[in-house]
Amino acid sequence: MAAKLEQINLDEDERAELERVASLQKAPYREVQRARLILYAADGSSNAEIARRLDMSAKSVGRWRRRFCQRRLAGLRDSERAGRPRRFPPSADRRGQAVACEPPAEGAPLSRRSTADVHRLVIERGITDASHSTIVRCLAEDAIRLWLYRSWIFPTDPDFADKAGPILDLYEGRFEGNLLHPGDFVISADEKPSIQARRRIHETLPPGAGVPRGQRVEHTYERGGALTYLAAWDVRRGQVFGRSEPKGGIEPFDRLVWQVMTKEPYASARRVFWIVDNGSSHRGQASIDRLEGR
């Protein structure tokens, strides 16, 4: 006897969200496919019909249909991966880097720490119990070489870890302890001032026969002033939006926000989180109010 199909009835908000996701051109295909699956099911299609239209197995259709009935939109998200929890999450990674970048205490026999020292300290401070090889790999991924040194600004804010925590959570796809909704987006924005605008005096020549080193670029140029480049990176989708401005400031940053927020899927998104530094063009409550107005 065939199993009874779960009847799916959508409210207005659920249908609007599913139709939005189903129409996205650059979203992960699995998310678009699941949204279409539920829309077909809500219109009365059987699992076999949906499987044929979406080129997937009827068993998979039934599984996602049941998950939606049990958990609604949250059921369409990927579950937490099975297996042992991560022993070195991003928050521990950053704290481990901070330990690696601290100068040794006065009276230490060496002026710089070794990776073995860092491994011992992160365990003593309760940051992680990861192995020495994991510590070495994480430091190498961020190009931290303990035998080299250069000047830098060490965080002096005693609340730095508490302030950085929510940002690291957003990069991991979480907010206030919960997984982000499929309709949520995370944007990381910054600006690079004083970029020299140069124009080559002679045109670049393409590579040709007898030119083993590729195209030829003439080294003399004329100056065209300096520009500021502003960029916004969609952390979850890997998409970058950018613009050049004569200078930085509140109005150029607002134009970058307008450039992003007037496009789909951000214009109709459930929430869009903007991560920025403490630059004067996007700092304080006035900046928060402007962003919320977008």
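Counting in numbering that gives the first Met the number 0, the sequence shown runs from 0 upward without gaps.
Don't be surprised by glycine CBs; every beta carbon is placed ideally from N, CA and C.
Exposure label - residue 267; buried when at least 16 CB within 10 Å: exposed
C-alpha distance - residue 172 paired with residue 126, whole-angstrom precision: The alpha-carbon of residue 172 is positioned some 21 Å away from that of residue 126.
Residues that residue 240 bridges to, as DSSP identifies them: DSSP lists 231 as partners of residue 240.
Backbone secondary structure at residue 112 - three-state DSSP: Here residue 112 carries a coil assignment [DSSP, helix/strand/coil].
DSSP beta-bridge partners of residue 272: 185
Per-residue DSSP class, three states only, for residue 165: Residue 165 falls in the helix class under three-state DSSP.
The region 256-270 in contact with the region 227-246 per 3-pair CB rule at 8 Å: In short, these stretches touch, since the Cβ pair count reaches three.
DSSP three-state assignment for residue 178, whether helix, strand or coil: strand
Sequence-distant residues of its chain with Cβ nearer than 6 Å to residue 189 (five each side left out): none
Near the ligand SAH: residue 24 beta-carbon under 7 Å from a heavy atom: The ligand SAH is absent from the structure shown, which contains no ligand whatsoever.
Residue 17: first and last residue of the uninterrupted alpha helix (DSSP H) it sits in: From DSSP, the alpha helix (DSSP H) with residue 17 extends over 11-21.
Span of the alpha helix (DSSP H) around residue 218: Run containing residue 218: none; DSSP gives neither H nor E here.
Cβ-based burial, residue 37 [other Cβ within 10 Å; buried from 16]: buried
Inter-stretch contact at 8 Å, needing at least 3 Cβ pairs: the region 215-231 / the region 152-166: As far as the Cβ criterion goes, the region 215-231 does not touch the region 152-166, which means the pair count is below three.
Spatial distance of residue 71 from residue 250 (CA atoms): So the two alpha carbons sit approximately 41 Å from each other.
Cα-Cα separation, residue 285 to residue 95: When rounded, the distance between both Cα atoms is 35 Å.
Supposed contact pair residue 35 and residue 53 - C-beta distance, whole angstroms, cut 8 Å: About 6 Å separates the two Cβ atoms, so the contact holds.
Completely contained beta strand (DSSP E) runs for the region 36-83, where each covers 3 or more residues: none
Residue 41 versus residue 291: straight-line alpha-carbon distance, rounded: 34 Å
Among 197, 214, 199, 198, nearest to residue 205 - alpha-carbon criterion: 214
Assigned exposure category for residue 0 - 16 Cβ within 10 Å defines buried: At residue 0, the pLDDT of 42 sits below 50, so the modelled position is not reliable and the matter cannot be decided from this model.
Alpha helix (DSSP H) segment containing residue 251, residue limits: 249-260
Host alpha helix (DSSP H) of residue 131 (start-end): 131-140
For residue 150, three-class secondary structure by DSSP: For residue 150, the secondary structure class from DSSP, reduced to helix, strand or coil, is coil.
Residue 227 beta carbon less than 8 Å from that of residue 194: yes
Residue 0 - DSSP class collapsed to helix/strand/coil: Residue placement at residue 0 is poorly supported in this model, since its pLDDT is 42, which falls under 50; the coordinates are not used for a value here.
Cross-strand partners of residue 195 (DSSP beta bridge): 225
Per-residue DSSP class, three states only, for residue 204: strand
Residues of its chain near residue 196, where Cβ-Cβ distance is below 8 Å and the 5 sequence neighbours each way are ignored: 222, 223, 224, 225, 226
Strand pairing of residue 190, partner residues [DSSP]: Here residue 190 is bridged, per DSSP, to 229.
Collapsed DSSP secondary structure at residue 173 in the structure displayed: strand
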